[in-house]
Each structure stands twice: as structure tokens, then as C-alpha cells.
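Here the structure is laid out as C-alpha cells; the discussion comes afterwards.
Right, here's the structure in full:
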């Protein structure tokens, strides 16, 4: 995006309001971009790290209020975490994380300084379902301790990881909670049906987990219900070959239907059955080696 490179309003040392080529207002962020500047001064384009188009009045006001009210070091911390996440995950995060993560960090650090430590009820799931994002959360704790002399628990690493996951998928925190709980419920059905403990390091488990993440989002969004009549000719063969895995999938189908009014089609049943059979076969193979 091309900006006018003129300062219209200074929000803090690291953010100013400018214009794009169409005359629309934008927030321009970058380290030191507003330092010692005055209205009408040129922006150093080499310092520009992020540009926000101001289109939604409610979100605009939220972002501007944050930039004006929250000390700059919190935005610097947030940008460090986001930049590191982009490098490690190899993908861009949605712009919403600049707002949500900065606000969260500001409030969390204030809570810790007041001796208020919140427990993360999904810490186990986050650590196991999203190991890369949780690792980034742990890195963020080191940044926080270095910059603010505040030592936080792994619960907070989980909260930071949540913001990263949500930004990756373009969802919101509520969707994240629902999706994570749904995945855990399905894993529990498999676990208790076969009376097993998963090998979370297994390639087949990790692949099953990735499938369940997208599967859960599809269920929660209600998408693909138009495919209810879709039939898959392979399903009868899979049903006969992987009898127990298919029976387990029927338990999942019943749970999803009753809990979310979402009816699995043949293709979804087929893929779940295959994933479950591979996870179980892998566990049995490992058990046989011992």
C-alpha cells in the first residue's frame, strides 16, 4: 500500500495516522516512526512495519485508544512476538492480533504485578494440540521477563499461544475454546472406545490431530451441510476392513449429531475411520516391539 508519507496525527513514538493514495486514513506503525515528529512532517518509509486501513469505526476507535493509552513498550513487545511467530510458523498473522495481543499483554502484566495469576483451563490441550504456538508462548515469557522483570507461568504461555492460533485461522477466542474442546471430546471418544493412551509424538496421531482441528472448525461453522447426500463408494470397503475404527467413528458421528446438529457425510466418516485405524495400528505396532 502507498501512503502519503505525511503525518496527520501522532499517536505515540511508534505510530501515526497518515493517508493512503485514495485519501483514506491509515495507521502507520514502526519503531520510532513518530519520534520528534510534528503534523505535516514526512514519514520515514524505511521504518514502516505495519499499516492499518481505518474502515471499521468501532475497531478504529479501539486501536487508536490502545495506541494512545497503552505505553509503547507493550506494542514493541507485541510486535516482537508477532514477528517471531511469523518467522517460526512461516505465515502471516491476521492484523487483529496487533490489537488483541497488545491489550492482553498489557492487562496480563498488570495482573501479575498485582499478584493475580489466572489458570489456563485449556493448558494441556494447547500444549499438545498446538506445540509450535505454545513454544512461541514460552519464548514470549522470556521476552516479558527481560523487558518487564515479570516472571509468568506456563498458563500465560498458553494464553499467548491462543492469540497466535486465533490469528492464524482468522477466528476469535470463543471459536478457539469451542474448537479445542470439541477436538478433546473426539479424542476422548477414541481413547475410551479402544481403552488406550495416545502416543502424542506419533506421526499418525499428529496427522489425526491436524485433521480434527479443521474438522472441528467445519462443524462449528456449519459448513458443508449441503453435502449431506454425498456418497463415497470406498466407505463399504473401509467399513469392512477397519471394523472397530468404523464403529468408533459411528460413536463420533452420534456425538457430533447430538451436540451440534451436524450430520457427518460418507466422506467425513471415511477419513475419520482411516485416521483412527492408522493411529491404533501404530500403537499396536509400537506395543509389539516392546
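Residue numbers (our numbering): 190 to 479. Note that the Cβ used here is the ideal one computed from N, Cα and C, for glycine as well. All figures in this text were calculated on a predicted structure; none of them were measured in a lab.
C-alpha distance - residue i paired with residue j, whole-angstrom precision
i           : j           : result
residue 342 : residue 215 : 37 Å
residue 288 : residue 405 : 26 Å
residue 465 : residue 361 : 29 Å
residue 202 : residue 297 : 23 Å
residue 308 : residue 423 : 46 Å
residue 416 : residue 437 : Caution applies to residue 416, whose pLDDT of 48 falls short of 50 and renders its modelled position unreliable; the model cannot decide the point.
residue 354 : residue 212 : 34 Å
residue 301 : residue 348 : 14 Å
residue 222 : residue 410 : 40 Å
residue 295 : residue 252 : 14 Å
residue 285 : residue 197 : 23 Å
residue 357 : residue 264 : 19 Å
residue 217 : residue 208 : 9 Å
residue 266 : residue 291 : 8 Å
Assigned exposure category for residue i - 16 Cβ within 10 Å defines buried
i           : result
residue 210 : exposed
residue 224 : exposed
residue 433 : exposed
residue 443 : exposed
residue 195 : exposed
residue 474 : exposed
residue 403 : exposed
residue 305 : exposed
Beta-carbon proximity list for residue i, same chain, < 8 Å, skipping 5 on both sides
i           : result
residue 468 : 379, 387, 391, 393, 394, 397
Close-in-space but distant-in-sequence residues of the same chain around residue i (CB under 6 Å, 5 per side omitted)
i           : result
residue 330 : 341, 346
residue 373 : 314
7 Å Cβ cutoff met for residue i and residue j
i           : j           : result
residue 239 : residue 199 : no
residue 449 : residue 385 : no
residue 237 : residue 219 : yes
Contacting residues, own chain, Cβ-Cβ under 7 Å from residue i (five flanking each side not counted)
i           : result
residue 461 : 438, 441
residue 319 : 350, 354
Exercise. How do the stretch 376–393 and the stretch 329–345 stand: do at least 3 beta-carbon pairs fall below 8 Å, yes or no?
Worked result: no
Problem set entry | Cβ pair count under 8 Å reaching 3, the stretch 271–281 against the stretch 309–326 | yes
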